[in-house]
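Shown next, in structure tokens, is the structure this report addresses.
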Amino acid sequence: MPAIAFLRSESLVQPVPSEEGVEDSPEATDIPPSIPLLIVKTDAEKMIGFRAGSQTPEEILTATALEQLEPDLILVSRDDLPAAGEVEEIAGFATEKKKFGFGWFVAELLKHKKIWRDVLLASLSIQLVGLATPLFTQVIIDKVVVHQTRSTLIVLGVALIMFMVFSTGMSWLRQYLVLHTGNRIDAVLGSKVFRHLLRLPLPYFENRPTGTQIARLQGVETIRNFVSGAAITLLLDLPFLFIFLAVMFAYSWELSLIAVGILSIISLMSFLMVPIFREKLNLQFMLGAQNQAFLTEYIAGMSTVKSLQMEPDVDKKYGNLFSRYLSAGFATRQVGNTYNVIANGLEQTMTLSLLLVGALLVMRNEGFTVGMLVAFQMFASRMSQPMLRLVGLWQEFQQANIAVKRLGDILDMPQEPHTLTPNRENVGIGRIDIMDLAFRYSENHPWLYRNLNLSFKPGHLTVLAGASGCGKSTLAKLLLGFYLPQEGKIALDGKDIRYLAANELRSVFGVVPQETVLFSGTLYDNLVMAHPHATFTEVIQACKAAEIHEVIESLSEGYQTEIGERGTGLSGGQRQRLAIARALLKKPKILIFDEAVSNLDQQTAELFAKTINKLKGKVTMLFITHQVPKGLHVDEVVELGAIVRQMGLVEEAQAG
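Just so we're aligned: 20 in numbering that gives the first Met the number 0 is position 21 of the sequence shown, and the numbers increase by one with no gaps anywhere.
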């Protein structure tokens with residue numbers, strides 16, 4: 000909002016949903032009297048704020064707060080709450096159900112009313128100069144030339160030059176303001192799209208090619224070019240066309256009808272070509288996205304391409320894709336070229352028709368002069384140019400509309416629930432209970448689990464074993480909330496994970512995945528990603544625990560050594576140990592090792608086992624592996640396939 004409230008000492012209690020088998024955990028916030036609270040977020044149900052002198056956010060019920068705090072509540076600003084039925088739960092708060100579209104841009108544009116006022120004034124000045132120039136031209140031809148008054152010519156010439164300079168300055172100022180505002184909107188949109196993308200669930204990314212997503216994100220540039228280009232200025236200029244049209248009819252209704260008739264034909268033709276143009280653009284975008292996805296996939300797997308000598312086959316496939324994309328682009332541009340040629344031909348026809356008919360009117364000697372004919376031609380040109388630009392703008396609008404729809408595919412997807420107040424204490428000692436769990440990836444896939452029941456005791460080290468495809472790694476994804484089970488539930492310390500926000504749930508986990516992913520930057524940057532506020536001493540301790548500290552110290556730049564994309568320059572074992580150090584640095588309450596020792600040599604694996612043994616009793620550990628490293632003190636081994644078979648589902652286990 001924000002708002003400042005001076006709270007009394009009543010206890011404000013936020014109840015936690017109760018489920019069968021899940022304990023209720025009401026939390027009371029006792030607030031001393033006259034302590035100001037900065038409310039940073041509110042909806043119809045909850046308020047969140049920070050008390051003065053405290054860095055811990057507090058959560059209270061909105062209804063309770065309004066009842067107990069007013070009139071002690073001081074609102075700096077307050078937004079109307081959405082009506083019931085118009086909201087959906089996102090990130091633990093009610094947010095409006097709105098589809099992303101051009102309405103979003105209208106709302107953003109209206110936030111800059113002062114700038115648009117200046118742009119409108121600049122447009123008015125430009126159009127007034129455009130209106131005055133033909134009139135001055137008419138005076139020069141009909142009066143100055145006929146009477147040969149040089150002094151008047153000098154005055155009018157100076158005035159025209161001043162008008163030209165003024166119009167040029169106003170045009171530059173208007174375009175600057177439009178570009179500046181467009182960039183601000185682009186910055187908001189770009190950050191909005193990427194922030195939303197980061198909060199989408201993992202299946203969204205697993206079910207869509209990376210290249211396709213990149214192509215969708217590139218739509219931001221298309222929209223920016225439309226918003227900050229000629230679109231806004233043209234829309235501002237369109238109302239002035241009626242002024243020019245009125246002046247033209249005042250000069251000659253015959254010539255005006257000719258101009259309006261030809262311009263109407265141009266406009267009608269443009270609208271008739273819209274469906275064709277839209278179809279071509281959709282095909283071009285689809286093929287462009289396929290092309291992008293192909294490049295992303297095969298460049299990322301270049302080592303496989305070279306080792307299998309796939310270069311000729313990949314080259315042929317890319318050639319086919321690229322040729323189809325070029326053909327689609329050519330067809331799209333050809334539609335635009337066809338229209339432009341016809342429109343330009345009609346414009347030239349209009350100019351010639353006005354000249355011939357206007358000459359006849361002049362020869363009648365009925366008051367229509369040569370100067371009036373020239374001025375009328377200038378007015379007609381001023382009117383036809385926006386009309387021709389309007390058609391080009393309509394084509395740009397179709398491109399921007401497709402880009403908006405593609406971005407809407409991202410922005411309209413529901414996010415994972417996030418909260419402003421992630422509380423690791425919601426998970427106490429790291430007990431995991433899996434109750435009557437049933438899961439499969441889709442209706443077309445076999446069940447991985449049916450009626451699965453497991454318990455992982457806090458502080459214990461449990462090995463998850465089983466044949467490939469039995470669902471060991473999938474179980475880890477379920478624990479992290481990447482997927483939701485079709486039946487049953489998973490509880491952490493008695494709390495159903497469905498009632499925990501994604502960032503709250505994952506804050507208690509440390510994960511060493513099967514495939515270690517490192518990012519461009521320094522070793523230190525990669526280590527502290529999950530814990531940006533870690534001290535250098537804590538980083539060193541984590542690296543020593545992962546047996547990677549000495550390797551890093553042997554490098555010329557130490558922890559500031561730059562590594563390439565995905566950790567190029569490091570061996571598989573080194574990348575794995577960095578991932579282990581990164582997980583330990585997070586100080587999780589639950590550690591998941593998904594084939595974490597698969598790339599380690601036997602000696603390093605044994606040293607790592609000793610490190611893991613030291614963590615026993617402090618954190619809950621799940622060790623997913625095919626082979627338990629020597630020296631690892633295991634509390635329990637769970638043969639996942641055997642558990643499934645005990646449920647009497649041999650066929651499903653084998654199929655999974």
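Cβ atoms here follow ideal geometry from the backbone N, Cα and C, with glycine treated the same way.
Assigned secondary structure, residue i (DSSP; H/G/I helix, E/B strand, else coil)
i: residue 450; result: strand
i: residue 56; result: strand
i: residue 185; result: helix
i: residue 593; result: strand
i: residue 408; result: helix
i: residue 455; result: strand
i: residue 633; result: coil
i: residue 314; result: helix
i: residue 561; result: strand
i: residue 486; result: strand
i: residue 615; result: strand
i: residue 204; result: helix
i: residue 236; result: helix
i: residue 601; result: helix
i: residue 210; result: helix
i: residue 610; result: helix
i: residue 308; result: coil
i: residue 262; result: helix
i: residue 98; result: coil
i: residue 481; result: coil
i: residue 574; result: helix
i: residue 218; result: helix
i: residue 548; result: helix
i: residue 534; result: coil
i: residue 415; result: coil
i: residue 554; result: coil
i: residue 199; result: coil
Same chain, Cβ closer than 6 Å to residue i, neighbours up to 5 away in sequence not counted
i: residue 635; result: 461
i: residue 216; result: none
i: residue 89; result: In this prediction, residue 89 has a pLDDT of 34, which is less than 50 and means its spatial position is unreliable; what the coordinates show is noted afterwards. Excluding residues within five positions, the ones whose Cβ falls inside 6 Å are 414.
i: residue 453; result: 433
Own chain, CB closer than 8 Å to residue i, minus 5 neighbours either side, in chain order
i: residue 279; result: 327, 330, 331, 334
i: residue 323; result: 286
i: residue 349; result: 257, 258, 261, 262, 379, 383
i: residue 214; result: 284, 287, 288, 291, 292, 405
i: residue 254; result: 247, 353, 356, 357, 360, 375, 379
Counterpart residues of residue i in DSSP-defined beta bridges
i: residue 193; result: Bridge partners of residue 193: none, in fact.
i: residue 541; result: Per DSSP, none; premise fails for residue 541.
i: residue 462; result: 622, 636
i: residue 438; result: 448
i: residue 431; result: 455, 491
Cutoff 7 Å; reference residue i; Cβ partners in own chain excluding five residues on either side
i: residue 563; result: 519
i: residue 472; result: 513, 593, 623
i: residue 501; result: 415, 416, 417, 480
i: residue 294; result: 210
i: residue 304; result: 297, 310, 313
i: residue 202; result: 482
Any non-hydrogen atom of the ligand ATP within 7 Å of residue i CB
i: residue 218; result: Ligands displayed in this structure: none; no statement on the ligand ATP is therefore possible.
Hey, is the region 589-608 in contact with the region 510-528, meaning 3+ C-beta pairs nearer than 8 Å?
-> Counting C-beta pairs closer than 8 Å gives three or more between the region 589-608 and the region 510-528, which meets the contact rule.
The region 363-370 in contact with the region 132-149 per 3-pair CB rule at 8 Å | The region 363-370, when compared against the region 132-149, does touch it at the 8 Å Cβ threshold.
Can you list the beta strand (DSSP E) stretches of 3 or more residues lying completely in the region 320-406, in chain order?
-> Fully enclosed beta strand (DSSP E) runs of 3 or longer: not present.
Hey, which unbroken runs of the alpha helix (DSSP H) at 4 residues or more fall wholly within the region 492-530?
-> Taking 4 residues as the shortest admissible run, the region 492-530 contains the following complete alpha helix (DSSP H) segments, listed from N- to C-terminal end: 501-505, 522-526.
Unbroken alpha helix (DSSP H) runs of length 4 or more, entirely within the region 105-181: which are they?
-> List check, alpha helix (DSSP H) in window: 112-138.
Is there contact here, the region 238-246 with the region 359-367, by at least three beta-carbon pairs under 8 Å?
-> Too few Cβ pairs lie closer than 8 Å, so no.
Determine contact between the region 519-530 and the region 599-607, defined as no fewer than three beta-carbon pairs at a distance below 8 Å.
-> Contact fails: fewer than three Cβ-Cβ distances are below 8 Å.
Evaluate contact between the region 578-586 and the region 521-537, counting only Cβ atoms and requiring at least three cross-stretch pairs below 8 Å.
-> The region 578-586 vs the region 521-537: in contact.
Give a yes or no on contact between the region 394-410 and the region 442-456, applying the rule of three or more CB pairs nearer than 8 Å.
-> No, the region 394-410 is not in contact with the region 442-456.
May I ask you to verify whether the region 116-128 touches the region 167-177, counting CB pairs closer than 8 Å and requiring at least 3?
-> Three or more beta-carbon pairs separated by less than 8 Å link the region 116-128 to the region 167-177, which places the two stretches in contact.
Taking one C-beta from the region 178-187 and one from the region 102-110 each time, how about it: are there three or more such pairs within less than 8 Å?
-> Touching, per the Cβ criterion.
Along the chain, which unbroken stretches of the alpha helix (DSSP H) at least 4 residues long are found entirely within the region 269-306?
-> If you keep only unbroken alpha helix (DSSP H) runs of at least 4 residues inside the region 269-306, you get 273-299, 301-306.
Can you find at least 3 beta carbon pairs, one from the region 543-554 and one from the region 481-495, that sit closer than 8 Å?
-> The region 543-554 makes no contact with the region 481-495, as fewer than three CB pairs between them are under 8 Å.
Examine the Cβ distances between the region 218-228 and the region 138-152 and report whether three or more of them are shorter than 8 Å.
-> Judged by Cβ distances under 8 Å, the region 218-228 makes no contact with the region 138-152, as fewer than three pairs qualify.
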